[in-house]
DNA sequence: GCCTTTTGATACGACACCGTTCCACTTTCG
DNA sequence: CGAAAGTGGAACGGTGTCGTATCAAAAGGC
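Residue numbers (this note's numbering), protein chains in the order written: chain U, 15 to 219; chain F, 15 to 219.
Okay, here's the thing in structure tokens:
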């Protein structure tokens with residue numbers, strides 16, 4: 015129920031704005047918590063504590079702790095999606111060029127917010143997050159096959175190989191972000207792009 | 015303390031054998047539980063119930079639920095290790111041949127026990143399991159670089175690319191086992207091996 | 001047959017997180 | 001000022017799991 019029959023501005027902000035601001039605070043606090051303690055320890059209480067809001071407002075914006083994590087992860091995917099689309103926008107070059115642009119945009123987008131990056135890396139810690147990430151893998155695989163490589167989108171081999179590269183990129187990216195890969199960003203991107211380029215030969219193989 | 019001062023055979027088996035048998039039952043029950051309900055729901059109680067043993071014997075053999083999961087996962091890695099070493103034992107052929115043998119042995123070893131395969135796929139659900147799997151990735155990456163491909167083991171690019179393939183293989187293998195990849199085993203192995211072969215060209219850039 | 005080990009099952013206290021509810025306090029508005 | 005909406009924090013009951021302790025019955029040794 016909880017019909018908002020009588021609403022009133024508070025401290026000069028409308029009810030709607032206050033609500034939106036709280037939701038935003040919770041999402042930010044969620045990322046902070048993930049960055050500080052990992053997905054597993056990101057409880058509703060931890061998020062509320064960091065946000066400076068009580069649990070009441072948590073459940074105002076999210077059904078449960080899963081919901082806020084999924085929302086934060088989806089926001090990251092949206093950023094990656096946008097970055098890649100922008101990078102591919104005016105490309106007329108060869109596959110090698112498009113691959114490097116794509117990988118570069120991905121790495122930059124994920125690196126932009128290390129907090130979200132940890133969420134991305136640790137997504138498999140939680141079932142719902144893992145499923146979201148699996149969908150994102152599918153989406154990026156689709157993008158790779160259709161818009162970056164010049165291969166038949168219905169070739170199961172090509173799709174499988176592309177998925178392998180997408181998933182493998184996630185793993186090495188996580189390690190690179192953790193500082194475990196002794197490569198600069200350019201070299202790192204080139205290395206991944208090099209594997210991606212090999213995909214163009216797999217479908218017909 | 016609990017010094018085994020006075021031990022006695024029971025139902026014709028020595029104390030030591032009974033203990034070992036119980037441990038084995040628990041490990042098997044652990045795999046059953048993982049296969050049935052996933053890693054997250056594989057609790058100490060669930061394992062004991064399936065094993066037909068009380069919690070007392072669970073804590074006789076394992077410190078906590080993490081320990082039994084790690085033990086089960088390590089056992090799987092050992093099987094994979096052995097399978098790959100066997101496959102590579104008498105090879106004198108080219109890299110392409112060694113790669114296909116390796117991938118084939120890996121796929122066969124994991125497919126051999128679908129219960130353990132789910133444990134392998136869902137390992138990131140738990141911190142300790144994830145770490146073990148990360149170590150296994152490193153080990154298999156090392157093996158790939160040193161014994162399968164002919165690349166410089168100190169080349170960071172080559173190592174990174176090999177890690178990408180190892181991790182990516184895990185993901186597609188999980189999907190293949192779930193029936194989500196429309197490829198027969200031979201085709202599937204060849205597809206992965208095809209990507210692996212591309213690694214021979216990455217190191218030199 | 002009596003005593004001890006072994007076993008299986010249950011009960012227990014502790015803890016953590018969940019999602020809700022309650023309450024005292026602040027701010028708005030008439 | 002006083003009534004009503006908004007806020008923050010704490011308390012609560014519920015659930016699930018942990019790891020330990022307890023106890024009666026089954027099985028072996030003498």
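Idealized CB from N, CA, C, for every residue including glycine.
Practice task
Give every residue of the same chain whose Cβ lies closer than 7 Å to the Cβ of residue 116 of chain F, excluding the five residues on either side of it in the sequence, and list them in chain order.
Solution key: The sequence position of residue 116 of chain F within the second chain is 102, counting from 1. So the qualifying residues of the chain are 98, 101, 102, 162.
Practice task
Quick one: which residues of the segment 106-134 of chain F get their C-beta closer than 9 Å to a C-beta of chain U? List them in chain order.
Solution key: none
Exercise for the section: Could you tell me whether any Cβ in chain U is nearer than 8 Å to the Cβ of residue 61 of chain F? Expected result: Locating residue 61 of chain F in the second chain gives position 47, where the first residue counts as 1. Chain U, which has no Cβ nearer than 8 Å to the Cβ of residue 61 of chain F, makes this no.
Handout entry: Backbone CA spacing between residue 132 of chain F and residue 201 of chain F [nearest angstrom]
Key = Taking the first residue of the second chain as position 1, residue 132 of chain F is located at position 118. Taking the first residue of the second chain as position 1, residue 201 of chain F is located at position 187. Whole-angstrom Cα-Cα distance: 22 Å.
Problem - Per-residue DSSP class, three states only, for residue 152 of chain U - result: Indexing the first chain from 1 puts residue 152 of chain U at position 138. In this structure, residue 152 of chain U counts as helix in the three-state DSSP scheme.
Practice task
Below 6 Å CB to CB, which residues in the same chain sit around residue 56 of chain U once its five sequence neighbours on both sides are set aside?
Solution key: Position 42 of the first chain, counted from the first residue, corresponds to residue 56 of chain U. Here the set comprises 47, 48.
Exercise for the section: Since I believe residue 207 of chain F is in contact with residue 80 of chain F (beta carbons under 8 Å), could you give me their beta-carbon distance rounded to a whole number of angstroms? Expected result: Taking the first residue of the second chain as position 1, residue 80 of chain F is located at position 66. Taking the first residue of the second chain as position 1, residue 207 of chain F is located at position 193. The Cβ separation is near 35 Å, so there is no contact.
Problem - Beta carbon proximity, residue 80 of chain U to chain F, threshold 8 Å - result: Start at 1 with the first residue of the first chain, and residue 80 of chain U comes out as number 66. So no, residue 80 of chain U is outside the interface.
Exercise for the section: Just the C-alpha distance for residue 121 of chain U and residue 153 of chain U, rounded to the nearest angstrom, thanks. Expected result: Counting from 1 along the first chain, the entry for residue 121 of chain U is found at position 107. Counting from 1 along the first chain, the entry for residue 153 of chain U is found at position 139. Whole-angstrom Cα-Cα distance: 17 Å.
Handout entry: Environment of residue 54 of chain U [buried if 16+ CB atoms lie within 10 Å]
Key = For the purposes of this step, residue 54 of chain U is taken as the residue at position 40 of the first chain. Counting Cβ neighbours within 10 Å, residue 54 of chain U comes out exposed, since fewer than 16 surround it.
Problem - Minimum C-alpha distance to residue 142 of chain F - residue among F:194, F:78, F:67, F:210 - result: Against the second chain, residue 142 of chain F aligns to sequence position 128. With distances taken between Cα atoms, residue 142 of chain F lies closest to F:78.
Exercise for the section: Could you pull out every residue in the same chain whose Cβ sits closer than 7 Å to the Cβ of residue 67 of chain U, ignoring the five residues on either side in sequence? Expected result: The residue labelled residue 67 of chain U in the question sits at position 53 within the first chain. Once the five neighbours on either side are set aside, the close Cβ partners of residue 67 of chain U are 36, 39, 40.
Practice task
For residue 199 of chain U, count neighbouring Cβ atoms within 10 angstroms of its own Cβ and tell me buried if that reaches 16, exposed if not.
Solution key: Position 185 of the first chain, counting from 1, holds the residue named residue 199 of chain U. Per the 10 Å Cβ criterion, exposed.
Practice task
Out of F:166, F:182, F:185, F:195, point me to the one whose CA is closest to residue 216 of chain F's CA.
Solution key: For this step, residue 216 of chain F is matched to residue 202 along the second chain. Residue 216 of chain F has its Cα closest to that of F:166, out of F:166, F:182, F:185, F:195.
Handout entry: Reference residue 159 of chain F; option with closest CA among F:210, F:137, F:187, F:31
Key = As a first step, residue 159 of chain F must be located in the second chain, where it is residue number 145. Per the Cα distances, F:210.
Practice task
List the residues of chain F whose Cβ lies closer than 7 Å to the Cβ of residue 142 of chain U, in chain order.
Solution key: The count along the first chain starts at 1 and reaches residue 142 of chain U at position 128. Within chain F, no residue comes near residue 142 of chain U; the closest Cβ sits about 11 Å away, beyond 7 Å.
Practice task
Report buried or exposed for residue 140 of chain U, applying the criterion of at least 16 other Cβ atoms within 10 angstroms of its Cβ.
Solution key: Translated into the one-based positions of the first chain, residue 140 of chain U becomes position 126. Buried, because 16 or more other Cβ atoms sit within 10 Å of the Cβ of residue 140 of chain U.
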